[in-house]
Amino acid sequence: MRRKLVVGNWKMYGSVAGNDSLLKALGAGVGQGADVAVCVPFPYLYQAQALLSGSAVAWGAQDVSAQGQGAFTGEVSVAMLADFACSYVLIGHSERRTLHAEDDALVVAKVKAALAGGVCPVICVGETLAERDAGQTAAVVVRQLDAVLRGCGVEALDKAVLAYEPVWAIGTGRTASPEQAQEVHALLRGRVATADAEVAAKLRILYGGSVKAANAQALFAQPDIDGGLVGGASLVADEFLAIIAAV
Ligand code: PGA
Numbered sequence: 003m004r005r006k007l008v009v010g011n012w013k014m015y016g017s018v019a020g021n022d023s024l025l026k027a028l029g030a031g032v033g034q035g036a037d038v039a040v041c042v043p044f045p046y047l048y049q050a051q052a053l054l055s056g057s058a059v060a061w062g063a064q065d066v067s068a069q070g071q072g073a074f075t076g077e078v079s080v081a082m083l084a085d086f087a088c089s090y091v092l093i094g095h096s097e098r099r100t101l102h103a104e105d106d107a108l109v110v111a112k113v114k115a116a117l118a119g120g121v122c123p124v125i126c127v128g129e130t131l132a133e134r135d136a137g138q139t140a141a142v143v144v145r146q147l148d149a150v151l152r153g154c155g156v157e158a159l160d161k162a163v164l165a166y167e168p169v170w171a172i173g174t175g176r177t178a179s180p181e182q183a184q185e186v187h188a189l190l191r192g193r194v195a196t197a198d199a200e201v202a203a204k205l206r207i208l209y210g211g212s213v214k215a216a217n218a219q220a221l222f223a224q225p226d227i228d229g230g231l232v233g234g235a236s237l238v239a240d241e242f243l244a245i246i247a248a249v
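Letter 111 of the sequence shown, counting from 1, is numbered 113 in this note's numbering, and no numbers are missing.
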């Protein structure tokens, strides 16, 4: 009943010339088998919109301001994302949480802003290696999820996507095993279900962390894994298309 979703996270990679061939290849190569989107750096939203409009590939951003507008130098508002017809925005990616000191409260504020502006938030949660080794995985991801449930209400998840990204698997080539990922996805869905079983049943929970064509199928076959959030492998058209085909 849940349609699979594969989201590319370009991070701070790209150039007008390089994006041109990647976006054209995706626009031409992606069919109707799953929902697909790419989250590109802000300056390339215009290019993504121009090249992907009318294709099966949606686009979005990797962050958004919690503020509506004003004197916030360097920030980008959800209305600006909507101006470029963004469907999705990543919120609380571990690189934002660790490198830019984003805490749960800021994640909640950004989720609220995205929803108010009509852009679907992809809310990222995940534990570090030290936390996993200390047996803290469940406590960490539940704390991150509970902040959103408390701050935004469970109904917010009706219009959002959740992504489980173990920090130790991001960009390391070290993927969570399908069983490790499934265990956390089931935990997250169960937690949402305690607030609203219907929202939980409909909620798409993506796995992220070194997803590649070679491991996508086994991950996506798990009952609570509804697709992927793909970093490095989303920058190579053939590899990203092969991941989408694994759905
Ligand atoms: P990766 O990144 O696929 O390169 O591990 C995933 C992410 O950061 O979303």
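Just so you know, even glycine gets a beta-carbon here, dropped at the ideal spot from N, CA and C. The model shown is predicted, which means the values in this text are computed figures rather than measured ones.
Requested in this report: Locate the alpha helix (DSSP H) running through residue 153, then write down its first and last residues.
Outcome: On the sequence shown, residue 153 is found 151 positions in, with the first residue counted as 1. Start and end: 139-154.
Requested in this report: In angstroms with no decimal places, state the Cα-to-Cα distance between residue 227 and residue 190.
Outcome: Here residue 227 refers to the residue found at position 225 when the sequence shown is read from its first residue. Here residue 190 refers to the residue found at position 188 when the sequence shown is read from its first residue. Rounded to the nearest angstrom, the gap between the Cα atoms of residue 227 and residue 190 is 11 Å.
Query raised in the report: Taking 7 Å as the cut-off, does the CB of residue 285 come closer than this to any heavy atom belonging to ligand 1?
Result: This structure leaves residue 285 out entirely; the chain is present only between 3 and 249.
Query raised in the report: Per DSSP, residue 123 forms a beta bridge with which residues?
Result: Sequence index remark: in the sequence shown, residue 123 carries index 121 (1-based). Its beta-bridge partners are 91.
Query raised in the report: How about residue 229: is its Cβ closer than 7 Å to a heavy atom in ligand 1?
Result: Numbered from 1 along the sequence shown, position 227 holds the residue referred to as residue 229. Ligand 1 never approaches residue 229 closely enough for any of its heavy atoms to be under 7 Å from the residue's Cβ.
Query raised in the report: Is the beta carbon of residue 25 sitting closer than 8 Å to the one on residue 49?
Result: Residue mapping note: residue 25 aligns to position 23 of the sequence shown, counting from 1. Residue mapping note: residue 49 aligns to position 47 of the sequence shown, counting from 1. In this structure, residue 49 lies closer than 8 Å to residue 25 by Cβ.
Query raised in the report: Between residue 74 and residue 51, is the Cβ-Cβ spacing less than 8 Å?
Result: Taking the first residue of the sequence shown as 1, we reach residue 74 at position 72. Taking the first residue of the sequence shown as 1, we reach residue 51 at position 49. It is not a contact, given that the beta carbons lie outside the stated cut-off.
Query raised in the report: Any heavy atom of ligand 1 closer than 7 Å to the Cβ of residue 179?
Result: Numbered from 1 along the sequence shown, position 177 holds the residue referred to as residue 179. Distances from the CB of residue 179 to the heavy atoms of ligand 1 are all 7 Å or more.
Query raised in the report: Where does residue 76 sit, in a helix, a strand or coil, going by DSSP?
Result: For the purposes of this step, residue 76 is identified with residue 74 of the sequence shown, where counting begins at 1. Coil.
**Report entry** Bridge partner(s) assigned by DSSP for residue 209
**Finding:** Here residue 209 refers to the residue found at position 207 when the sequence shown is read from its first residue. Partner(s): 166 and 230.
Query raised in the report: Can you find at least 3 beta carbon pairs, one from the stretch 83-99 and one from the stretch 166-185, that sit closer than 8 Å?
Result: Touching, per the Cβ criterion.
Report task. Go through its chain and collect everything with a Cβ distance to residue 165's Cβ below 6 Å, but skip five positions before and after it. Result -> Numbered from its first residue, the sequence shown carries residue 165 at position 163. Excluding positions up to five away in sequence, the list reads 124, 126, 208, 210 and 231.
Query raised in the report: Any heavy atom of ligand 1 closer than 7 Å to the CB of residue 210?
Result: Working through the sequence shown from its first residue, we reach residue 210 at position 208. Under cutoff, so the answer is yes.
Query raised in the report: Residues in its own chain within less than 6 Å of residue 195 by CB, not counting five upstream and five downstream?
Result: Translated into the one-based positions of the sequence shown, residue 195 becomes position 193. Only 202 meet the Cβ criterion.
Query raised in the report: Between the beta-carbon of residue 158 and the beta-carbon of residue 113, is there less than 8 Å?
Result: As a first step, residue 158 must be located in the sequence shown, where it is residue number 156. As a first step, residue 113 must be located in the sequence shown, where it is residue number 111. Taking 8 Å as the Cβ cut-off, residue 158 and residue 113 qualify as a contacting pair.
Query raised in the report: Taking 7 Å as the cut-off, is the CB of residue 172 close to at least one heavy atom of ligand 1?
Result: As a working mapping, residue 172 is identified with position 170 in the sequence shown. Checking the Cβ of residue 172 against ligand 1 gives yes.
Query raised in the report: Taking the C-alpha atoms as reference points, what is the distance between residue 11 and residue 156?
Result: Numbered from 1 along the sequence shown, position 9 holds the residue referred to as residue 11. Numbered from 1 along the sequence shown, position 154 holds the residue referred to as residue 156. If you draw a straight line from the Cα of residue 11 to the Cα of residue 156, it is about 26 Å long.
Query raised in the report: Cβ atoms of residue 110 and residue 83: under 8 Å apart, would you say?
Result: As a first step, residue 83 is located in the sequence shown; it is residue number 81 there, counting from the start. As a first step, residue 110 is located in the sequence shown; it is residue number 108 there, counting from the start. It is not a contact, given that the beta carbons lie outside the stated cut-off.
Report task. Out of 60, 55 and 44, state which residue places its alpha-carbon closest to the alpha-carbon of residue 80. Result -> Position 78 of the sequence shown, counting from 1, holds the residue named residue 80. Restricting attention to 60, 55 and 44, the CA atom closest to the CA of residue 80 is found in 44.
**Report entry** Sub-8 Å separation of residue 177 and residue 217 beta-carbons
**Finding:** Indexing the sequence shown from 1 puts residue 177 at position 175. Indexing the sequence shown from 1 puts residue 217 at position 215. It is a contact, given that the beta carbons lie within the stated cut-off.
Query - With 16 other Cβ atoms within 10 Å as the buried cut-off, status of residue 18 - result: Locating residue 18 in the sequence shown gives position 16, where the first residue counts as 1. Result: exposed.
Requested in this report: Give the range of the beta strand (DSSP E) segment to which residue 249 is assigned.
Outcome: Taking the first residue of the sequence shown as position 1, residue 249 is located at position 247. In this chain, residue 249 is not harboured by any beta strand (DSSP E), its DSSP state being neither H nor E.
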